[in-house]
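S.K.: Residue numbering for the sequence shown follows my numbering, starting at 1 and increasing by one per position. Glycine included, each C-beta is placed from N, C-alpha and C at the ideal position.
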Amino acid sequence: MAKVLYSVTMSVDGFITGPDGDMQWMRPYLGPNPEVEELIPRIGSLLIGRRSHDGDDPHKGQAGEGEAFGGGWDGPMFVVTHRPPASPEPGVTYVDEFAKALAMAKDAAGDKYVNVIGANIAKQCIEAGELDEVLLCFAPVLLGDGTRLFDHPGGHTLALNRLSLTEHPLASNLWFAVDKDG
């Protein structure tokens with residue numbers, strides 16, 4: 001059965017995008033990351049928020065622009081949106097209901113991961129009790145503003161159990177299992 005994973009590159013101060021959704025800040029940190037490279041073939045589908053799907057691309061102007069993981073992954077993508085495009089993108093399924101999109105992504109993933117892209121979609125997975133794991137790739141930079149990894153006005157505690165800590169020249173990775181009992 002598919003597991004739901006939120007994997008993301010994050011600044012040390014907790015932002016996954018810079019101001020106005022800027023993702024160009026990531027470029028210096030997109031180098032080799034063996035843990036991410038080992039993860040990619042274990043991803044069966046992507047569950048993506050519309051803003052993330054349509055947003056800035058850290059690979060802009062480079063090979064892999066507009067492709068998942070800079071062209072390193074190919075497979076079924078499910079975009080949660082109430083505004084499907086007039087001309088759908090090939091290989092992308094636009095779904096207007098989160099629960100339906102998640103079920104479709106899990107089915108498509110089989111026994112691999114559903115990789116979540118987008119803070120709002122990750123938040124919905126958390127609120128639905130459907131998030132299984134979190135992989136944070138910490139880039140050694142402070143942004144000061146942007147989209148937070150997780151933002152829940154009034155607070156919401158989610159206990160995590162560390163599975164691994166891996167150091168790489170361009171990032172430090174922390175992999176967690178969501179403590180669904182805690």
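1. Between W175, I121, D22 and H59, which lies nearest to G144 when the distance is taken from Cα to Cα?
2. Which one or two residues does DSSP pair with E167 in a beta bridge?
3. So who's on the other strand from K3, going by DSSP bridges?
4. Run through the DSSP bridge pairs and tell me what S45 is partnered with.
5. With contact counted as at least three CB pairs below 8 Å, one residue from each stretch, are the region 126-137 and the region 6-16 in contact?
6. Identify the continuous alpha helix (DSSP H) that holds A68 and give its terminal residues.
7. Give the single residue among V12, V79 and N115 whose Cα lies nearest to the Cα of H53.
8. Looking at G118: is its Cβ nearer than 8 Å to the Cβ of I40?
9. Give a yes or no on whether the C-beta atoms belonging to N173 and L136 are separated by under 8 Å.
M.R.: Well, looking at it:
1. In the sequence shown, the residue the question calls residue 144 occupies position 144. Among W175, I121, D22 and H59, the Cα nearest to that of G144 belongs to D22.
2. Here residue 167 refers to the residue found at position 167 when the sequence shown is read from its first residue. E167 is bridged to S172.
3. One-based indexing of the sequence shown puts residue 3 at position 3. According to DSSP, which records beta bridges pairwise, K3 is partnered with Y113.
4. What you label residue 45 is simply residue 45 of the sequence shown in a count that begins at 1. S45 has V114 as its beta-bridge partners, per DSSP.
5. Put simply, the region 126-137 touches the region 6-16. At least three CB pairs are less than 8 Å apart.
6. Locating residue 68 in the sequence shown gives position 68, where the first residue counts as 1. Counting along the chain, A68 falls outside any alpha helix (DSSP H), and DSSP gives it neither H nor E.
7. The residue you call residue 53 lines up with position 53 of the sequence shown. Comparing Cα-Cα distances from H53 to each of V12, V79 and N115, the minimum goes to V79.
8. Position 118 of the sequence shown, counted from the first residue, corresponds to residue 118. Position 40 of the sequence shown, counted from the first residue, corresponds to residue 40. No.
9. Indexing the sequence shown from 1 puts residue 173 at position 173. Indexing the sequence shown from 1 puts residue 136 at position 136. Taking 8 Å as the Cβ cut-off, N173 and L136 qualify as a contacting pair.
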